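J.: This is the structure I have questions about; it appears just below.
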Amino acid sequence: MHNKLILAATSATLLLVTACSTNQPAFNPADTTVVSVKGKSYNIPKGAHPSPYVDDKVIEFYQKIGLKSCRKGDMTWEEEKAKEEMGIAISKGDKSIYKKLAKEGRIGCASPIASK
146 MHNKLILAAT SATLLLVTAC STNQPAFNPA DTTVVSVKGK SYNIPKGAHP
196 SPYVDDKVIE FYQKIGLKSC RKGDMTWEEE KAKEEMGIAI SKGDKSIYKK
246 LAKEGRIGCA SPIASK
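Our numbering applies: residue 146 is where the sequence shown begins, and numbers increase by one.
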């Protein structure tokens, strides 16, 4: 009886862990939505947020970390959890987080959508 109770508890725990770890959809930078920033429309990944401030220096920095398609006039975006990770890393003085997130496709740039 004791073994059955342990087996049942283990099974319930595994089921709970599995269910909790798979209920969030994975971030997919190819799955986009349209957002409007300062009167311009951009396609950015669902689950990402526009950066609050972008200038030519930010775009140049993004190009240096591997996002070669970023251009003047683009806006930048971050995946929600990437935003949190950046805050933690920067508070510890770690700027390599940007290169890591760029490589993973969790931060990027978006050009304005051309009006027809």
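Ideal Cβ positions, reconstructed from N, Cα and C, are used throughout, including at glycine. In this text the structure is predicted, and so the values were computed from the model without any measurement.
Using beta-carbon positions only, say whether Phe172 and Glu224 come within less than 7 Å of one another.
T.: Yes. Within cutoff.
J.: Please report the residue range of the alpha helix (DSSP H) in which Ile189 lies.
T.: Premise fails: Ile189 lies in the beta strand (DSSP E), 185–190, not in any alpha helix (DSSP H).
J.: Taking the Cβ atom as the reference point for each residue, do Ala255 and Met220 lie within a distance shorter than 7 Å?
T.: The answer is yes: Cβ separation under 7 Å.
J.: Alpha carbon to alpha carbon, what distance is there between Gly211 and Ala247?
T.: Between Ala247 and Gly211, the C-alpha separation is close to 7 Å.
J.: From Ile189 to Lys226, what distance separates their C-alpha atoms?
T.: Using only the alpha carbons, I get a separation of about 15 Å.
J.: Below 6 Å CB to CB, which residues in the same chain sit around Ala175 once its five sequence neighbours on both sides are set aside?
T.: So the list is empty, once near-sequence residues are dropped.
J.: Near Ala154, what residues of its chain come up, given a Cβ to Cβ distance below 7 Å and the 5 sequence neighbours on each side ignored?
T.: Model confidence at Ala154 stands at a pLDDT of 48, short of 50, so the residue's coordinates are unreliable and nothing is read from them.
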